[in-house]
Amino acid sequence: MVINRLHYNDGKTHHISSDIAFEIGEYPTSIIRRIKDCHVEIDLTDYDTIFRVVINVKSNVVVGCAYTLEDVDYVVKTNDEIDFTDEEIDEDDGTLVQIDSTIIDLKPFIY
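Sequential numbering from 51 applies to the sequence shown in our numbering.
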């Protein structure tokens, strides 16, 4: 899921709801054998120098049981808040992601 920050730079929070498909090879198949479906709810807010992305994910996956090694259906839910900036970061404290473009690929953050 690729977004352009310039489309959301009006100071308002914008909501995106979408289903995302993951292909085999985009995730470690030793842990997750298959991602059946993935639904994301995303809120985007531009605070001048900070672009905040709040991601809520609900996904139905197939994982291998550690005991029987059989396939097991599992629901994964995550909530993340990521702050992006195009300004130089002096110290990386893990709270900001520096970007060099207005185009942001969110798929690695969703996975």
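We put the beta carbon where it would ideally sit given N, CA and C, even for glycine.
- Apart from the 5 residues on each side of it in sequence, F159 sits with its Cβ closer than 8 Å to the Cβ of V103, I105, D130, I132 in its chain, given in chain order.
- I92 and R55 have their C-alpha atoms some 13 Å from each other.
- Burial state of S68 is exposed, judged by a 10 Å Cβ sphere holding fewer than 16 other Cβ atoms.
- Classified as exposed, D60 has fewer than 16 neighbouring CB atoms from the shown chains inside 10 Å of its CB.
- Judged by DSSP in its simplified three-state form, F134 adopts strand.
- Bounds of the beta strand (DSSP E) holding F101 are 100-114.
- Distance from the CA of T145 to the CA of Y117, rounded to the nearest whole angstrom, comes to 37 Å.
- Note that the C-beta distance between Q148 and T128 is not below 8 Å.
- Cβ contact annotation for D123 (same chain, cutoff 7 Å, sequence separation greater than five): N110, V112, in chain order.
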